[in-house]
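J.: Here's a structure for you.
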Amino acid sequence: YHVPRSWVRPTGNLLVVFEEIGGDASGISLVTRSLASVCADVSEFHPYLRNWHLENYGKTEVLQQPKIHIHCEEGQTITAIKFASFGTPLGSCGDFQLGACHAPDSHSILEK
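In our numbering, the protein residues as written are 130 to 241.
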């Protein structure tokens with residue numbers, strides 16, 4: 130089973146397992162997960178779906194530019210940004226490299 134994070138409090142949680150089919154509940158193990166890294170990739174060529182909807186009706190207005198919103202839950206922090214490029218990076222998550230076009234201040238802008 131997966132217990133959604135929104136159901137879990139920092140302390141005082143109680144998990145009750147009710148086995149009604151005759152299984153052995155003593156074999157249940159609990160595992161906690163923590164997120165080690167996040168990868169986000171956005172491009173001007175991946176517009177919001179709402180923008181595509183307008184294009185289908187012949188409207189050329191762009192409502193929103195592509196964006197990435199990253200935040201942490203209370204008590205957690207972003208400790209490092211390993212790669213950032215306002216340009217044309219090559220590769221994929223975990224293995225990005227600078228492309229032919231790159232803004233040198235990309236990393237410092239994101240760290241702010």
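Glycine residues also receive a C-beta, built at the ideal position from the N, C-alpha and C atoms.
Given Ser172, which residues of its chain have a CB within under 8 Å of its CB, disregarding the five upstream and five downstream residues?
T.: Pro195
J.: Output needed for Ser155: all residues of its chain with C-beta closer than 6 Å, excluding positions within five of it in sequence on either side, in chain order.
T.: none
J.: At a cut of 8 Å, does the region 195 to 215 reach the region 142 to 158 through at least three beta carbon pairs?
T.: no
J.: Short of 7 Å in beta carbon distance, which residues of its chain neighbour His131, apart from the five on each side in sequence? Order them along the chain.
T.: none
J.: Who does Leu219 pair with in a DSSP beta bridge?
T.: Answer by DSSP bridge pairing, in chain order: Gln226.
J.: Tell me whether Phe225, by its Cβ, gets closer than 7 Å to a heavy atom of the ligand MG.
T.: With respect to small molecules bound, the structure shown includes none, and the ligand MG cannot be examined in it.
J.: Which residue from Ser166, Ala232 and Ile238 puts its Cα closest to that of Phe215?
T.: Ala232
J.: State the CB to CB distance for the pair Thr217 and Ala209, rounded to an integer number of angstroms; the pair is presumed to be in contact (CB under 8 Å).
T.: Rounded, the Cβ-Cβ distance is 23 Å, inconsistent with contact.
J.: With DSSP collapsed to three states, give me the class of His236.
T.: Correct three-state label for His236: helix.
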